Amino acid sequence: MTANSTAAGDGRYGDRLRYLLTLSRPRFWLYLAGPVLVGVAYAADAVGDVFALAAIVLFAYFLLPANVFLYGINDIYDREIDAANPKKSEQEARYRGQRIVPVVVTVCALLPLAFLPLVPSAAWPWLAVFLVLGAAYSAPPVRFKTTPLLDSVSNGLYIAPGAAAYAAVAGSQPPVLAVLGGWLWAMGMHTFSAIPDIEPDRETGIRTTATVLGEHWTYAYCGACWLASATAFGALDLRLGALMLVYPGLVAAIATSSVAVDRAYWWFPAINTVVGAALTMGGLWRVLYG
């Protein structure tokens, strides 16, 4: 093997890694890994619990492999749709049939089997919820993403990492109100993110909650989900409910302003990071200071 062929092989390997990294949507990594931190913070009874092996393993999985799994399936089954979507057709990271993608997605889906012995059994159902809904959202035959309302409800999968982390550290299931509040938040977040895609989705024949409701009523739907989420969290702790009121307030402001929704949508990774950090710090404060 010549030096040139070795360099070419290394280049192809590097290109594949860069592609998979882009596919995993680094901007949204904390949408899965962040809930793990929140779950751990509220499950911990002592500082040592925060650094439990199960917590570290779950954070590592949901930071990268879980994102490759989730978005990889999405890209595989949206290949033709993305090609017709002007927002996505020119993206270099768009799936074009690369054989490595199904292989890596499968590996990431099976990876939890390798670390199950390190994670208490109380967390296993939540790992199953994530994997089943993550696949069913994009893959046939169910393909929830093309079924109005189910596309929204199925995105409760984003709270599964937090519930798994809570169960792993606490040894018991998270409070029902916390699960309900988180699930409603995820429903609102997913449907809000679909607003910029209403016209492209309609043009390609995709039916979603947003395409059925239209932009005006989708704002109302998101606001209702987020208000109900804040109510559920407030029933646990008024401070949590007050914090989550940020979301219905934001959607009301966006709906009544001249800000374009496709611009406002890109504010949310930062907003969600700040809110998630506040939730996590609140849980850690409880651990440190009772």
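Numbering (the numbering used here), first residue to last: 67 to 356. Ideal Cβ positions, reconstructed from N, Cα and C, are used throughout, including at glycine. No experiment lies behind these values; they were computed from the predicted model shown.
Limits of the unbroken alpha helix (DSSP H) element including residue i
i: T339; result: F334 to Y355
i: W249; result: V242 to S259
i: W283; result: T275 to L302
i: N140; result: P131 to Y143
i: W192; result: W190 to S204
i: T270; result: Neither: T270 is in no alpha helix (DSSP H) and is coded neither H nor E.
i: D328; result: V327 to A330
i: P101; result: L96 to A109
i: P314; result: V312 to A321
i: S218; result: L216 to V219
i: I166; result: I166 to F181
i: D115; result: V113 to V116
i: Y232; result: A226 to A236
Cβ-based neighbour list, residue i, same chain, cut-off 8 Å, excluding 5 preceding and 5 following
i: V312; result: I337 and V341
i: E156; result: Here E156 scores only 46 on pLDDT, less than 50, and its place in the model should not be relied on; the value that follows carries that caveat. Excluding positions up to five away in sequence, the list is empty.
i: I367; result: Coverage of the chain is limited to positions 67 through 356, which leaves residue 367 absent and any answer about it impossible.
i: L215; result: T275
i: V167; result: L86, L89, G138, D141, I142 and Y161
Under 7 Å between C-beta atoms of residue i and residue j
i: A230; j: L199; result: no
i: L293; j: F299; result: no
i: P373; j: C174; result: Shown here, the chain extends from 67 to 356; a query on residue 373 therefore has no answer.
i: P262; j: D217; result: no
i: A290; j: T274; result: no
i: V116; j: A110; result: yes
i: Y128; j: L98; result: The sequence as given places Phe at residue 128; Tyr does not occur at that position. Yes, Cβ-Cβ distance for F128 and L98 is below 7 Å.
i: L96; j: T346; result: no
i: T212; j: I272; result: yes
i: N221; j: A252; result: yes
i: V134; j: S204; result: no
i: L309; j: A344; result: yes
i: V235; j: A118; result: yes
i: F181; j: V113; result: no
Same chain, Cβ closer than 6 Å to residue i, five either side skipped, listed in chain order
i: L223; result: F196, L199 and G200
i: A296; result: G307, M310 and L311
i: R93; result: P335
i: R352; result: none
i: Q239; result: A233
i: N140; result: S204
i: A107; result: T346, G349 and L350
i: A189; result: A230, A233 and A234
Cutoff 7 Å; reference residue i; Cβ partners in own chain excluding five residues on either side
i: S187; result: none
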